[in-house]
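These notes concern the structure reproduced below.
Protein chains: 2
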Amino acid sequence: MIKVDLSGISGFVPVDAVRFKEGRDIVKNLREGEAGLEGTGWLRLPEEMSGGLLGSLRDTASQISGESDVLVVIGTGGSYLGARAAIELLRSPYYNGMRKSTPDIFFCGNSLSAAHLSRIVALIGTRPFSILYISKSGSTLEPSVAFRIMRALLVAKVGEQEAKSRIYTITDARSGRLRAITDREGYISFEIPADVGGRYSVLSPVGLLPILCAGIDAEEILRGARDALGSAADEAALYAAARQALYQKGYKIELLASFEPFFRYMGEWWKQLFGESEGKCGRGIFPAYADYTADLHSLGQYVQEGERALMETFVLFEKSGVQLLVPPAPGFGDGLDPVSGKPLSALNEAAAEATKAAHIEGGVPVIAITAPDMTPYSFGALVMFFELACAVSAIMMQVNPFNQPGVEAYKTTLKARLGL
Amino acid sequence: MIKVDLSGISGFVPVDAVRFKEGRDIVKNLREGEAGLEGTGWLRLPEEMSGGLLGSLRDTASQISGESDVLVVIGTGGSYLGARAAIELLRSPYYNGMRKSTPDIFFCGNSLSAAHLSRIVALIGTRPFSILYISKSGSTLEPSVAFRIMRALLVAKVGEQEAKSRIYTITDARSGRLRAITDREGYISFEIPADVGGRYSVLSPVGLLPILCAGIDAEEILRGARDALGSAADEAALYAAARQALYQKGYKIELLASFEPFFRYMGEWWKQLFGESEGKCGRGIFPAYADYTADLHSLGQYVQEGERALMETFVLFEKSGVQLLVPPAPGFGDGLDPVSGKPLSALNEAAAEATKAAHIEGGVPVIAITAPDMTPYSFGALVMFFELACAVSAIMMQVNPFNQPGVEAYKTTLKARLGL
Chain A
3 MIKVDLSGIS
13 GFVPVDAVRF
23 KEGRDIVKNL
33 REGEAGLEGT
43 GWLRLPEEMS
53 GGLLGSLRDT
63 ASQISGESDV
73 LVVIGTGGSY
83 LGARAAIELL
93 RSPYYNGMRK
103 STPDIFFCGN
113 SLSAAHLSRI
123 VALIGTRPFS
133 ILYISKSGST
143 LEPSVAFRIM
153 RALLVAKVGE
163 QEAKSRIYTI
173 TDARSGRLRA
183 ITDREGYISF
193 EIPADVGGRY
203 SVLSPVGLLP
213 ILCAGIDAEE
223 ILRGARDALG
233 SAADEAALYA
243 AARQALYQKG
253 YKIELLASFE
263 PFFRYMGEWW
273 KQLFGESEGK
283 CGRGIFPAYA
293 DYTADLHSLG
303 QYVQEGERAL
313 METFVLFEKS
323 GVQLLVPPAP
333 GFGDGLDPVS
343 GKPLSALNEA
353 AAEATKAAHI
363 EGGVPVIAIT
373 APDMTPYSFG
383 ALVMFFELAC
393 AVSAIMMQVN
403 PFNQPGVEAY
413 KTTLKARLGL
Chain B
3 MIKVDLSGIS
13 GFVPVDAVRF
23 KEGRDIVKNL
33 REGEAGLEGT
43 GWLRLPEEMS
53 GGLLGSLRDT
63 ASQISGESDV
73 LVVIGTGGSY
83 LGARAAIELL
93 RSPYYNGMRK
103 STPDIFFCGN
113 SLSAAHLSRI
123 VALIGTRPFS
133 ILYISKSGST
143 LEPSVAFRIM
153 RALLVAKVGE
163 QEAKSRIYTI
173 TDARSGRLRA
183 ITDREGYISF
193 EIPADVGGRY
203 SVLSPVGLLP
213 ILCAGIDAEE
223 ILRGARDALG
233 SAADEAALYA
243 AARQALYQKG
253 YKIELLASFE
263 PFFRYMGEWW
273 KQLFGESEGK
283 CGRGIFPAYA
293 DYTADLHSLG
303 QYVQEGERAL
313 METFVLFEKS
323 GVQLLVPPAP
333 GFGDGLDPVS
343 GKPLSALNEA
353 AAEATKAAHI
363 EGGVPVIAIT
373 APDMTPYSFG
383 ALVMFFELAC
393 AVSAIMMQVN
403 PFNQPGVEAY
413 KTTLKARLGL
């Protein structure tokens, strides 16, 4: 299960500044529905999603696989980051380039770039495609524009009637524009559970349907999340309390770092989760992500010697899953003979340890989170661990982890400018 | 040409805090070789690279295209970020998935992940491939391990002799392990110009050879860079002076944001350029990148209402290059009829303006940089503009923009651990 190691912060904050007990009490209140906050439905998703609903999602994923070579997923923020994170971690960032029995997946509706959307249209080309449109309201500009364009393309290709059977939506059960359109057009649709905000929705149909379309075992994800609710809850409280203690001492930027490139979109998902939950009322740790060891050769200089307001959190995996050895090349002159025959995972572990030591020496406190491996089970466990930790951390700094009043500011200004 | 608009910082710092004249003097000293610093060779690259050398690079790119379907580029930090940024901006992040006459390109040697490297090996499959190994010394662990693995694969495929003709290197002219290996094996090779550090090397063979392999017009890139040296130098000084003025006022994080998803790796390149140049002696603005409008639905909450230590820099394009209209769908109920028939570029521009207004209102100063378009010419201009601005900015905060002493800390520890 998930483990948190705080040995790398002991030189920076006293042990009693880490309010672990307070964190644990918050977890308890959240789980017993006594936190006095709306938006805690994500705690129930591992139970609620299993069984019949998961079966329906699996059937729909099969249907999409059967009818189309390409799935266009339209959504922004919490409506795409979790699914993309899962696909990149568990299948790889090269998913579309892989030989596979599941469709290519393109994510759009998260920008207003003509270059980006046109490129996706070109990549679809003449191949049969389906659309999955994910939006709670159906009123957000970027996804609704992308849907208009993609729907027009689909209708031009297969006609109005056939298009209706290739469009799937995930939206609010009762209200909003997308609910009305869905009911009128008769699209196959799933509900965004009430009481679950976008950034906490990856274990709902929002995340699970695209994940299933990519051929990933969603049941294992849910099992990992369920287990984490039990056995990683204390670790989540510990992580939350540690980062709060560091924040109080002036460490205002948290750099989440992984030594696995496939984790990068989990970093994006984590940035939304923490940034959107904590960044309010003039408070909040600024969330940044680093892709190690790559970024040790770039941002690494800043981490080692720049302004001392940084804390780092490493996400490590006990097992790398793939065995790859440094091949022998005696006398080749590349200086690698001492590591010849060693597995890359051993080198990567040594890199993580060396980085931790060097950064602590340079004045950066380092929290280390270890997950068992890069499997669907561990993905589910990490999701639940981070969601718990995020809610606890925000509550500890006295902000509401489940609202996002500031996101509306630009939307309101934009809609006024466009007469919408 | 590149334009810098400081209207969005006027409410945050007084005009006379922006030491533009000092910045302009630094540019002058740098260009006249009177800055008293080593590492300014990048200023001469636009001139030096044109002509014969560019022709040789072009011939080599043609040879690679002719012999292989896949090019594996091995390098880390400055040895890959610039080329990847160019390919993603000018061809698209979906380059490998596009139909094209140039080879697929995979970047590796920038991590020690077995999962990542194995995936690339699987993606190469049975296709013929070539290797381009970029390293000044040949002693950095990640690229040398990747080279061992990829070379072994190539030898297994085509034999020792044929492999030698499919391996290309870019390395130091005289010293280092890779120079020795290159000379002994007889690889086709180009030199990393003396006096050019990794993060300033994109306009040298380091960046230009992979860029040419992707079918991009490198001559236009160099023309843009040359023009920027003249007509964007003042703008670079202005940008540098503005961010320094904000830094002095306590804005310690700079969030570079673009409204074009294809710009994301330029953001990574920019993070290295500024982070590695400025982050030393306990000083430096922390560089972060945001992909708008996507990240407005995630990190946007933090930007609007979190800790007030953020400045933002927008990179905008006057022309989007691709025309895409919102198609008509009267009565469909998606609320978009007021923008029906409008080009996406107009919506994207409105989004940028709305975001700027909302963030300034929320207490974030916004610098706006505008480039003409997303062409090779503008890419070259932006590269030179940012390199100039970065050097000026670092000198203004009294750190050396051209060294990176802190990057060695983890390397030394790691090599000791592995007995290298």
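Taken in order, these protein sequences are the chains called A and B.
The first sequence begins at 3 in our numbering and counts up by one.
The second sequence begins at 3 in our numbering and counts up by one.
Cβ coordinates follow ideal geometry from the N, Cα and C atoms, glycine included.
Original post:
Beta-carbon separation of B:SER139 and B:ASP185 under 9 Å?
Top reply: no
**OP:** Determine, using beta carbons only, whether B:ALA238 and B:MET398 come nearer to each other than 9 Å.
**Re:** no
Original post:
Which residue comes first and which comes last in the alpha helix (DSSP H) that contains B:LEU180?
Top reply: 179-187
Original post:
So, is the C-beta of A:THR62 closer than 9 Å to a C-beta in chain B?
Top reply: no
**OP:** Taking C-beta pairs closer than 8 Å, name the residues in chain A that B:GLN406 reaches, listed in chain order.
**Re:** The contacting residues are GLN303.
**OP:** Could you check if A:LYS273 is buried or exposed, using at least 16 other CB atoms within 10 Å of its CB as the buried criterion?
**Re:** buried
Original post:
Curious, which full-length alpha helix (DSSP H) runs of at least 4 residues does the stretch 224-271 of chain A contain?
Top reply: 235-250
**OP:** Check whether the Cβ of A:TYR202 lies closer than 9 Å to any Cβ atom in chain B.
**Re:** no
**OP:** Could you tell me which of B:SER113, B:GLY77, B:VAL147 sits nearest to A:THR295, measuring between CA atoms?
**Re:** Comparing Cα positions, the closest option is B:SER113.
Original post:
Is any beta-carbon of chain B found at less than 9 Å from that of A:PRO329?
Top reply: yes
Original post:
Ends of the alpha helix (DSSP H) at B:ILE89?
Top reply: 83-92
**OP:** With a floor of 3 residues, list each beta strand (DSSP E) that falls wholly inside the stretch 257-337 of chain B, ordered by position along the chain.
**Re:** 288-293, 312-319
Subject >> CA-to-CA distance, A:PHE276 to A:THR372, given in whole angstroms >> reply: 19 Å
Original post:
Candidates B:SER70, B:ASN350, B:ALA148: which alpha carbon is nearest B:SER167's?
Top reply: B:SER70
**OP:** Specify the secondary structure class of A:SER9 as computed by DSSP and reduced to three states.
**Re:** helix
Original post:
Given a threshold of 16 other Cβ atoms within 10 Å of its Cβ, counted over all protein chains shown, does A:GLY80 qualify as buried or as exposed?
Top reply: buried
**OP:** Check whether the Cβ of B:LYS254 lies closer than 9 Å to any Cβ atom in chain A.
**Re:** Among the CB atoms of chain A, one or more fall inside 9 Å of the CB of B:LYS254.
**OP:** Report the option in A:PHE108, A:GLY53, A:ASN350, A:LEU384 whose CA atom is closest to the CA atom of A:LEU231.
**Re:** For A:LEU231, the nearest C-alpha among the options comes from A:LEU384.
Subject >> Endpoints, beta strand (DSSP E) assigned at B:VAL72 >> reply: 72-76
Original post:
Of all the options B:PHE109, B:PRO95, B:ASP293, B:SER141, which has the alpha carbon lying nearest to the alpha carbon of A:ASP339?
Top reply: B:SER141
**OP:** Could you give the DSSP three-state label for A:ILE190: helix, strand or coil?
**Re:** A:ILE190 falls in the strand class under three-state DSSP.
Original post:
In chain order, what residues of the same chain have a beta carbon less than 6 Å from the beta carbon of A:ARG181, not counting five sequence neighbours either side?
Top reply: THR173, ASP174
**OP:** Go ahead and pull the three-state DSSP assignment for B:PRO345.
**Re:** strand
**OP:** Return helix, strand or coil for B:VAL385, following the three-state DSSP convention.
**Re:** helix
**OP:** Leaving out five residues on either side along the sequence, give the residues of the same chain with a beta carbon under 6 Å from the beta carbon of A:GLU90.
**Re:** Only PHE264, TYR267 meet the Cβ criterion.
**OP:** Measure the C-alpha to C-alpha separation of A:LEU143 and B:ASN402 and round it to an integer number of angstroms.
**Re:** Taking the straight line joining both Cα atoms gives about 45 Å.
Original post:
Thinking just about the alpha-carbon of each residue, which of B:PRO16, B:ILE11, B:ASP27 is nearest to the one in B:ALA391?
Top reply: B:ASP27
Original post:
So, does the CB of A:THR392 fall closer than 9 Å to a CB anywhere in chain B?
Top reply: Sequence inspection shows Cys at residue 392 of chain A; the Thr mentioned does not correspond to that position. No - not a single Cβ of chain B is within 9 Å of the one on A:CYS392.
Subject >> Minimum Cβ-Cβ distance from B:SER322 to chain A less than 9 Å >> reply: yes
**OP:** Verify whether the separation of the beta carbon atoms of B:VAL29 and B:ALA235 is less than 9 Å.
**Re:** yes
Subject >> For B:CYS110, the nearest candidate out of B:ALA87, B:GLY99, B:MET100, B:MET152 (CA to CA) >> reply: B:MET152
**OP:** Round the Cβ separation of A:CYS215 and A:SER67 to the nearest angstrom and send it over; I've been treating them as touching at under 8 Å.
**Re:** With a Cβ gap of about 7 Å, A:CYS215 and A:SER67 count as contacting.
Subject >> Where A:ALA373 sits in the DSSP three-state scheme >> reply: DSSP, reduced to helix, strand and coil, places A:ALA373 within a strand of the structure shown.
Subject >> Closest by C-alpha distance to B:MET3, when choosing among B:LEU39, B:GLU278, B:SER233, B:GLY35 >> reply: B:SER233
Original post:
In terms of residues, what are the limits of the beta strand (DSSP E) holding A:ASP1?
Top reply: This structure leaves residue 1 of chain A out entirely; chain A is present only between 3 and 422.
**OP:** State yes or no: is the beta carbon of A:GLY284 nearer than 9 Å to at least one beta carbon in chain B?
**Re:** yes
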